[in-house]
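Report on the following structure.
Protein chains in written order, with our numbering: chain F, 621 to 753; chain Z, 621 to 753.
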């Protein structure tokens with residue numbers, strides 16, 4: 621596919637003053653919300669072209685192909701845009717876990733009696749995947 | 621419940637430089653992602669106290685109890701926090717539709733052959749709910 625194939629899609633997206641748009645990644649099979657990240661124009665273009673999730677890392681200031689170091693890639697099944705054109709929702713097939721902590725989902729803590737209680741599924745050992753600190 | 625009951629929860633949340641945190645609202649029954657909005661400390665406190673979603677309207681610059689004008693309130697079943705402490709995920713019971721356009725979900729457009737195609741479920745007539753423009 622050429623860039624031209626995505627021009628109409630990308631033109632409808634309202635990037636914020638930093639050139640970014642929030643992206644929610646949801647498990648295609650289970651509906652579980654796995655993570656939240658940001659995209660700039662280039663990462664959205666790359667995601668649409670390859671149908672593999674690519675975000676913009678705000679901390680590292682560069683494109684971030686999800687899973688490039690961990691192998692936990694995200695195959696993109698569909699991409700949705702919200703009513704205001706300023707939030708994306710990806711339906712994905714997640715390899716391994718989405719969260720760098722080793723959890724399947726980044727949202728592994730739930731409010732319970734005034735505390736955040738961990739109840740998320742651990743699917744890998746982060747020291748084995750990223751190397752011990 | 622007193623404010624004190626939520627101190628530990630709120631202290632773990634990393635609000636951004638504008639004092640806001642993204643909040644994703646997901647249908648408790650179906651897992652459908654319904655909307656995305658922002659919360660400040662006060663709206664999160666109110667949400668946790670009343671277990672009814674309250675956001676911060678960036679456009680209006682004020683607290684926004686979801687459904688206060690439309691009747692389409694969101695009963696909060698659970699609140700989750702992500703690994704970095706800077707994104708919230710609400711599991712909700714949505715009255716009517718979450719989207720001001722009349723759709724059940726704000727994410728009613730899907731990328732399809734280079735265009736955004738509407739495929740979302742319409743659940744109310746916005747002119748009847750909000751009044752014709």
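Backbone N, C-alpha and C fix where the C-beta goes; we use that ideal spot for every residue, glycine too.
C-alpha distance - residue i paired with residue j, whole-angstrom precision
{"i": "residue 733 (chain F)", "j": "residue 697 (chain F)", "result": "37 angstroms"}
{"i": "residue 711 (chain F)", "j": "residue 669 (chain Z)", "result": "32 angstroms"}
{"i": "residue 657 (chain Z)", "j": "residue 751 (chain F)", "result": "36 angstroms"}
{"i": "residue 681 (chain F)", "j": "residue 747 (chain Z)", "result": "44 angstroms"}
{"i": "residue 665 (chain Z)", "j": "residue 626 (chain Z)", "result": "7 angstroms"}
{"i": "residue 708 (chain Z)", "j": "residue 715 (chain F)", "result": "23 angstroms"}
{"i": "residue 706 (chain Z)", "j": "residue 631 (chain F)", "result": "28 angstroms"}
{"i": "residue 654 (chain Z)", "j": "residue 663 (chain F)", "result": "24 angstroms"}
{"i": "residue 756 (chain F)", "j": "residue 673 (chain F)", "result": "Because residue 756 (chain F) is not part of the residues shown, which for chain F are 621 to 753, the question remains open."}
{"i": "residue 676 (chain Z)", "j": "residue 679 (chain F)", "result": "25 angstroms"}
{"i": "residue 652 (chain F)", "j": "residue 651 (chain Z)", "result": "7 angstroms"}
{"i": "residue 647 (chain Z)", "j": "residue 713 (chain Z)", "result": "6 angstroms"}
{"i": "residue 695 (chain Z)", "j": "residue 692 (chain F)", "result": "34 angstroms"}
{"i": "residue 737 (chain F)", "j": "residue 729 (chain F)", "result": "5 angstroms"}
{"i": "residue 683 (chain F)", "j": "residue 667 (chain F)", "result": "11 angstroms"}
{"i": "residue 727 (chain F)", "j": "residue 688 (chain Z)", "result": "28 angstroms"}
{"i": "residue 731 (chain Z)", "j": "residue 671 (chain F)", "result": "11 angstroms"}
{"i": "residue 645 (chain F)", "j": "residue 645 (chain Z)", "result": "13 angstroms"}
{"i": "residue 735 (chain Z)", "j": "residue 638 (chain Z)", "result": "34 angstroms"}
Status (buried if at least 16 other CB within 10 Å, exposed otherwise) for residue i
{"i": "residue 686 (chain Z)", "result": "buried"}
{"i": "residue 636 (chain Z)", "result": "exposed"}
{"i": "residue 700 (chain Z)", "result": "buried"}
{"i": "residue 717 (chain Z)", "result": "buried"}
{"i": "residue 741 (chain Z)", "result": "exposed"}
{"i": "residue 739 (chain Z)", "result": "exposed"}
{"i": "residue 622 (chain F)", "result": "Because the pLDDT at residue 622 (chain F) is just 49, under 50, the model does not fix this residue reliably, and the value given afterwards should be weighed accordingly. Exposed."}
{"i": "residue 649 (chain F)", "result": "exposed"}
{"i": "residue 725 (chain F)", "result": "buried"}
Supposed contact pair residue j and residue i - C-beta distance, whole angstroms, cut 8 angstroms
{"i": "residue 640 (chain F)", "j": "residue 659 (chain F)", "result": "7 angstroms"}
{"i": "residue 759 (chain Z)", "j": "residue 743 (chain Z)", "result": "Coverage of chain Z is limited to positions 621 through 753, which leaves residue 759 (chain Z) absent and any answer about it impossible."}
Below-8 angstroms beta-carbon distance, residue i vs any chain B residue
{"i": "residue 628 (chain Z)", "result": "Looking at the structure shown, chain B is missing, and the protein chains on hand are F and Z."}
| request: Go through the region 657-741 of chain F residue by residue and report every complete run of the alpha helix (DSSP H) that reaches 4 residues or more, in order. | output: 661-670
| query | Mind listing which residues of the region 724-749 of chain Z have their C-beta closer than 8 angstroms to chain F's C-betas, in chain order? | reply | 726, 727, 728, 729, 730, 731, 734, 735 and 736
| query | At a Cβ cut of 8 angstroms, what residues of the region 635-667 of chain F count as close to chain Z, listed as they run along the chain? | reply | 642, 644, 646, 650, 651, 652, 653, 655 and 656
| said: What are the residues in the region 689-703 of chain F lying within 9 angstroms of chain Z by C-beta distance? | reply: Those would be 698, 699, 700, 701, 702 and 703, in chain order.
| said: To be precise: take each residue of the region 706-723 of chain Z, compare its Cβ to all Cβ atoms of chain F, and keep it if any distance is under 8 angstroms. Which residues remain? | reply: For the region 706-723 of chain Z, the residues whose beta carbon sits under 8 angstroms from a beta carbon of chain F are, in order, 707, 709, 719, 720, 721 and 723.
| query | For the region 671-689 of chain F, which residues have a CB atom closer than 9 angstroms to at least one CB atom of chain Z, in sequence order? | reply | none
| request: Tell me the start and end of each unbroken beta strand (DSSP E) in the region 626-658 of chain Z that is at least 3 residues and wholly inside, in chain order. | output: 641-647
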